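Residue numbers (the numbering used here): 273 to 407.
In structure tokens form, the structure reads like this:
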């Protein structure tokens, strides 16, 4: 299943992003039904933690939109968990060096392109090609 945001960028299109900072699945679903291409869950500066973010990802996907997450830090565990939950994109803050950028990319990709471990909980639901298209 193709990532709609990635497909739009490959085609040179502009995408519009809604930004969520409060942990509320109803707001996530409502914003996902508006004319945005992406709905981003802000776990860095917002009040949202992982247990709040997972049902928000599900609500955004159920409404037919593309969920992204800005994680709190450049750490493979939370990056992988948000991708496993079904986020189609990750915004990683405070990436200031080549080494930090390489670590961020590795956390998002399965081997051999990266170091992400395989364990998609919601991400693979309904997508038999998930592993082949996730990177």
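Just so it is clear, CB atoms sit at the ideal spot from N, CA and C, and this is done for glycine as well. As the structure is a computational prediction, the values presented were derived from the model and not from experiment.
Problem set entry | For residue 338, the three-state DSSP class (helix, strand or coil) | Strand, per DSSP.
Exercise. Among 399, 299, 401 and 388, which has the Cα closest to the Cα of residue 349?
Worked result: The residue among 399, 299, 401 and 388 with its C-alpha nearest the C-alpha of residue 349 is 388.
Exercise. If residue 338 sits next to residue 310, beta carbons under 8 Å apart, how far is it from one beta carbon to the other, in whole angstroms?
Worked result: So it is a contact: roughly 5 Å between Cβ atoms.
For this session: Look at the alpha carbon of residue 332 and the alpha carbon of residue 371, and state the distance between them as a whole number of angstroms.
Result: Straight-line Cα distance between these residues: approximately 32 Å.
Problem set entry | Cβ-based neighbour list, residue 335, same chain, cut-off 6 Å, excluding 5 preceding and 5 following | Spatial neighbours of residue 335 in its own chain (CB-CB distance under 6 Å, excluding positions within 5 residues in sequence) are listed in chain order as 301, 304 and 305.
For this session: Go to residue 345, then tell me how far its alpha helix (DSSP H) extends in each direction, as first and last residue.
Result: Run containing residue 345: none; DSSP gives neither H nor E here.
For this session: Just tell me which of 369, 308, 374 and 380 has its CA closest to the CA of residue 343.
Result: Restricting attention to 369, 308, 374 and 380, the CA atom closest to the CA of residue 343 is found in 380.
Problem set entry | Reduced DSSP secondary structure (H/G/I, E/B, other) of residue 314 | Reduced to three states, the DSSP call for residue 314 is strand.
Exercise. Using a Cβ-Cβ cut-off of 8 Å (strictly less than) and excluding sequence neighbours within five positions of residue 375, which residues of its own chain qualify?
Worked result: Scanning its chain for C-beta atoms nearer than 8 Å, with the 5 sequence neighbours on each side dropped, one finds around residue 375 the residues 346 and 348, in chain order.
Problem set entry | Where the beta strand (DSSP E) containing residue 361 begins and where it ends | Its beta strand (DSSP E) spans residues 361 to 363.
Problem set entry | residue 387, DSSP secondary structure in three states | In the structure shown, the three-state DSSP call for residue 387 is coil.
Exercise. Short check: CB of residue 289 to CB of residue 275, under 9 Å?
Worked result: No, these two residues do not count as a Cβ contact at 9 Å.
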